[in-house]
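J.: One structure follows; several queries about it will come next.
Chains as they are written, first to last, in the working numbering: chain U, 37 to 182; chain C, 24 to 416.
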């Protein structure tokens, strides 16, 4: 079967998406797990001082420092449209539906050329010793709702 | 102090002014969005994709490949333990603009639609043309097809095993250009809309009829008039499509027209190879017997030489006698691992001059022929002057 990759946004006007990349994962307070829509994760701030584009990302009482990087190769944001069919994870469970799903297409809905990358461990903004966590290899960032 | 936030998007993050800030949070439609994925692509492929010249191809049980017009790429998923938060441009995901309140007079808010725990990458690969050969070999065009032309219901019945261009595109993981050149390499021909390879015995019949006619009509094999050839072959009972095909397979067009008809020149090597294959199609022969039969079969004016048969015929010494047998590169798989497997099953040790004709058509992106040898063979060279010998790894 054949899945066409189309670009409904039109060749040169493909909208650019942004990526804020954090090391580790964002852990949610359990009470927010079910309704995190519109919940704030943190505050992204661009510093002016240096010639480099440097940023901070403040999550609760933690601050991350990072920079804007240009991707060596762009990433396309693809969206599967119409019907249903896994394109690359053809595991065993796909074999049962023999009928080639009517017409699946992949739509290019955006392009990513830059990301704001935070690869350092978070720095505590308050001087009080953190009671709970000893940092592990993968720094976990906690969302602390205000 | 504002109490509600203004929903922004990617552009506000990317173009954030120095000394300013923006809140990052979860989109009203935040979720796993499994139908949205990231594909890393080379800048040079971008125009192909944005101009919609790209498709994914493969059956449900195959790993999908991405095809541009001329190349095929495998798709690999690469995961990350980081959390890339994806922020779409404003307006791309319809959203009710009623936003929550945030403390501290939050101003602009850029919503994250999903966390992408990885992306797909492309790796250029050779097209999967072995499957093309397999599909077309299911039902080669033969003399029976000509007879069946009068019995349409039989033809209808057989159509289940025939493939038109679209069927092949659906089934073969290759770009359009690679598929076309694969069809050419197989000497396939489109008959009544279906791509077929023609049975070798049938090709032999047409070619011998063509040569016979050229003797009768005193045609030069270097300047065959297309109209004359086709009309005579048609009157001998061959479909015109096959008459043209015969010229394509064994000849090439020459410049200079006779009137409005094209002129063809038969290719000495291709014609000679054809007869060698015919002679050796059933059994191996002693060298002298083979050479005598071969020289006798090839048309007058053509010069056969044993060099023509590299990649088609192998020699073996049995006692003091030399025997030859058919071993055609075209019968071997196109995937390197399988190709070497077949080669070493045929012979455990190969000299370079024998091996080379069986490798030169292999095309593996990112791997040179030296790389292929390093990967799949062991090279032995008893002395520095001796010819290297290749064996299985």
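Glycine included, each C-beta is placed from N, C-alpha and C at the ideal position.
Of the choices 411/C, 388/C and 227/C, whose alpha-carbon is the least far from that of residue 377/C?
T.: Position 354 of the second chain holds residue 377/C. Checked all of 411/C, 388/C and 227/C; the closest Cα to residue 377/C is 411/C.
J.: Can you give me the Cβ contacts of residue 44/U inside the same chain, cut-off strictly under 8 Å, excluding the 5 residues immediately before and after it?
T.: Sequence index remark: in the first chain, residue 44/U carries index 8 (1-based). Cβ within range, chain order: 143, 144 and 145.
J.: Is residue 167/C helix, strand or coil by DSSP?
T.: Within the second chain, numbered from 1, the residue matching residue 167/C stands at position 144. It is helical.
J.: How is residue 350/C classed by DSSP in three states: helix, strand or coil?
T.: On the second chain, position 327 is the one that residue 350/C refers to. If DSSP states are grouped into helix, strand and coil, residue 350/C belongs with coil.
J.: With 16 as the cutoff for other CB atoms within 10 Å, does residue 297/C come out buried or exposed?
T.: Along the second chain, read from residue 1 onward, the residue named residue 297/C stands at position 274. Classification for residue 297/C: buried.
J.: Which full runs of the alpha helix (DSSP H) of 4+ residues lie inside the region 288-368 of chain C, going along the chain?
T.: Listed in chain order, the complete alpha helix (DSSP H) runs (minimum 4 residues) inside the region 288-368 of chain C are 291-302 and 310-320.
J.: If you compare alpha carbons, which of 216/C, 330/C, 309/C and 106/C is closest to residue 343/C?
T.: Taking the second chain and counting its residues from 1, one reaches residue 343/C at position 320. It is 309/C whose Cα lies nearest to the Cα of residue 343/C.
J.: For residue 78/U, which residues in chain C fall below 9 Å Cβ to Cβ?
T.: Working through the first chain from its first residue, we reach residue 78/U at position 42. Going along chain C in sequence order, the residues near residue 78/U (Cβ under 9 Å) are 46, 47 and 48.
J.: Quick one: which residues of the region 240-259 of chain C get their C-beta closer than 8 Å to a C-beta of chain U? List them in chain order.
T.: Residues passing the 8 Å Cβ filter: none.
J.: Does the CB of residue 120/C have a neighbour CB from chain U at under 8 Å?
T.: Here the question's residue 120/C lines up with position 97 in the second chain. Legend: pLDDT at residue 120/C = 46, less than 50; position of this residue unreliable, value from coordinates given subsequently. Chain U contact via Cβ: absent.
J.: Starting from the N-terminal side, write out each stretch of the beta strand (DSSP E) that is 3 residues or longer and does not extend beyond the region 198-238 of chain C.
T.: Taking only runs of at least 3 residues, the beta strand (DSSP E) segments lying wholly in the region 198-238 of chain C are 211-214 and 217-220.
J.: Suppose the cutoff is 6 Å on Cβ atoms and the five residues either side in sequence are ignored; what does the same chain contact list for residue 79/U look like?
T.: Translated into positions along the first chain, residue 79/U becomes position 43. Here the set comprises 94.
J.: Around the Cβ of residue 277/C, are there at least 16 other Cβ atoms within 10 angstroms (buried) or fewer (exposed)?
T.: Position 254 of the second chain, counted from the first residue, corresponds to residue 277/C. Residue 277/C is exposed by the Cβ-count criterion.
J.: Work out the CA separation of residue 394/C and residue 108/C for me, nearest whole Å.
T.: For the purposes of this step, residue 108/C is taken as the residue at position 85 of the second chain. For the purposes of this step, residue 394/C is taken as the residue at position 371 of the second chain. Near 40 Å, if we compare the C-alpha coordinates of residue 394/C and residue 108/C.
J.: Just to confirm, is the Cβ distance from residue 148/U to residue 113/U under 8 Å?
T.: Residue 148/U sits at position 112 when you count from the first residue of the first chain. Residue 113/U sits at position 77 when you count from the first residue of the first chain. Their beta carbons are under 8 Å apart, which means residue 148/U touches residue 113/U by this criterion.
J.: Helix, strand or coil for residue 126/U per DSSP?
T.: Sequence index remark: in the first chain, residue 126/U carries index 90 (1-based). Because the pLDDT at residue 126/U is just 43, under 50, the model does not fix this residue reliably, and the value given afterwards should be weighed accordingly. Coil.
J.: With DSSP run on the structure shown, which of helix, strand or coil describes residue 43/U?
T.: The residue labelled residue 43/U in the question sits at position 7 within the first chain. Reduced to three states, the DSSP call for residue 43/U is coil.
J.: Tell me whether residue 59/U is buried or exposed, calling it buried when 16 or more other Cβ atoms sit within 10 Å of its Cβ.
T.: Taking the first residue of the first chain as position 1, residue 59/U is located at position 23. By the 10 Å Cβ count, residue 59/U comes out buried.
J.: Assuming residue 221/C contacts residue 150/C (C-beta within less than 8 Å), just tell me the rounded distance between them.
T.: Translated into the one-based positions of the second chain, residue 221/C becomes position 198. Translated into the one-based positions of the second chain, residue 150/C becomes position 127. The Cβ separation is near 22 Å, so there is no contact.
J.: Does DSSP put residue 71/U in a helix, a strand or coil?
T.: Taking the first chain and counting its residues from 1, one reaches residue 71/U at position 35. DSSP places residue 71/U in coil when its eight states are reduced to three.
J.: Determine the burial state of residue 205/C: buried for a count of at least 16 other Cβ atoms within 10 Å of its Cβ, exposed for fewer.
T.: Along the second chain, read from residue 1 onward, the residue named residue 205/C stands at position 182. Looking at its Cβ environment, which holds 16 or more other Cβ atoms inside 10 Å, residue 205/C is buried.
J.: Based on the DSSP secondary-structure assignment, which residues constitute the bridge partners of residue 102/U?
T.: On the first chain, residue 102/U is found 66 positions in, with the first residue counted as 1. Note: residue 102/U sits in a beta bridge opposite 91/U.
J.: Indicate whether at least one CB of chain C lies closer than 8 Å to the CB of residue 56/U.
T.: Within the first chain, numbered from 1, the residue matching residue 56/U stands at position 20. By this cut-off, residue 56/U is an interface position.
J.: Check residue 145/U in the structure and name its three-state DSSP category.
T.: Indexing the first chain from 1 puts residue 145/U at position 109. Strand, per DSSP.
J.: Any residues in the region 141-157 of chain C with a beta carbon nearer than 7 Å to a beta carbon of chain B? Which ones, in chain order?
T.: Absent here is chain B; the protein component of the structure consists of chains U and C.
J.: Straight-line CA distance for residue 91/U to residue 116/U?
T.: One-based indexing of the first chain puts residue 91/U at position 55. One-based indexing of the first chain puts residue 116/U at position 80. Their backbone Cα atoms lie some 33 Å apart in a straight line.
J.: By the 10 Å Cβ neighbour count, where 16 or more other Cβ atoms means buried, how is residue 31/C classified, buried or exposed?
T.: Stepping through the second chain from its first residue, residue 31/C is reached at position 8. Buried: at least 16 other Cβ atoms inside 10 Å.
J.: Using DSSP with H/G/I as helix, E/B as strand and the rest coil, what is residue 56/C?
T.: Here residue 56/C is taken as the residue at index 33 of the second chain, counted from 1. Coil, per DSSP.
J.: For the beta strand (DSSP E) containing residue 141/C, name the first residue and the last one.
T.: On the second chain, residue 141/C is found 118 positions in, with the first residue counted as 1. Per DSSP, residue 141/C belongs to the beta strand (DSSP E) from 141-148.
J.: For a cutoff of 8 Å on Cβ pairs, would you count residue 6/C as touching chain U?
T.: The structure shown does not extend to residue 6/C, since chain C is modelled only from 24 through 416, so no value can be given for it.
J.: Starting from the beta carbon of residue 110/U, find every residue of chain C whose beta carbon is closer than 8 Å, and list them in chain order.
T.: Here residue 110/U refers to the residue found at position 74 when the first chain is read from its first residue. Those within 8 Å of residue 110/U in chain C are 63, 64, 66 and 69.
J.: For residue 71/U, count neighbouring C-beta atoms within 10 Å of its own C-beta (all shown protein chains included) and say buried if the count is 16 or more, exposed if not.
T.: One-based indexing of the first chain puts residue 71/U at position 35. The residue in question, residue 71/U, is exposed, as its Cβ has fewer than 16 Cβ neighbours within 10 Å.
J.: Are the beta-carbon atoms of residue 202/C and residue 145/C separated by less than 8 Å?
T.: For the purposes of this step, residue 202/C is identified with residue 179 of the second chain, where counting begins at 1. For the purposes of this step, residue 145/C is identified with residue 122 of the second chain, where counting begins at 1. It is not a contact, given that the beta carbons lie outside the stated cut-off.
J.: Relative to the C-alpha of residue 147/C, which candidate in 347/C, 63/C and 337/C has its C-alpha closest?
T.: For the purposes of this step, residue 147/C is taken as the residue at position 124 of the second chain. Out of 347/C, 63/C and 337/C, 63/C has the C-alpha closest to the C-alpha of residue 147/C.
J.: In terms of DSSP beta bridges, what is residue 38/U paired with?
T.: In the first chain, the residue the question calls residue 38/U occupies position 2. DSSP, once it has assigned bridges, lists 80/C as partnering residue 38/U.
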